[in-house]
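Residue numbers (the UniProt record's numbering): 1 to 77.
This is the structure:
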């Protein structure tokens, strides 16, 4: 799962997957903005077959790759 998340983030952020570390602060480092967050949520929903409500999703839940992985695990049950 972490590798797929890194691949999704790399594509969205225009970096290599190897640059995506688990604790990388995506917003603080300027890799994601609000538009990128929407694209990320859509990609996560498609790739992991989960439903995420972007309107009520706190930014910190998608602030790092590790947080994203935890969110996906939670949603998958």
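By construction, the Cβ of each residue, glycine as well, lies at the ideal position given by its N, Cα and C atoms.
Please state if the CB of residue j and the CB of residue i are separated by a distance shorter than 8 Å.
{"i": "residue 6", "j": "residue 65", "result": "yes"}
{"i": "residue 44", "j": "residue 50", "result": "yes"}
{"i": "residue 2", "j": "residue 69", "result": "yes"}
{"i": "residue 74", "j": "residue 67", "result": "no"}
Does DSSP put residue i in a helix, a strand or coil?
{"i": "residue 50", "result": "coil"}
{"i": "residue 7", "result": "helix"}
{"i": "residue 22", "result": "coil"}
{"i": "residue 14", "result": "coil"}
{"i": "residue 27", "result": "coil"}
{"i": "residue 40", "result": "helix"}
Output needed for residue i: all residues of its chain with C-beta closer than 6 Å, excluding positions within five of it in sequence on either side, in chain order.
{"i": "residue 13", "result": "31"}
Grab me the residues of residue i's own chain with a C-beta within less than 7 Å of its C-beta, minus the 5 sequence neighbours each way, in chain order.
{"i": "residue 63", "result": "25, 26, 27"}
{"i": "residue 16", "result": "10"}
Could you round the C-beta distance between residue i and residue j to whole angstroms and report it? I think they count as a contact, below 8 Å.
{"i": "residue 72", "j": "residue 48", "result": "5 Å"}
Within the same chain, show all residues whose beta-carbon is closer than 8 Å to that of residue i, passing over the 5 residues directly before and after it, in chain order.
{"i": "residue 54", "result": "37, 38, 41"}
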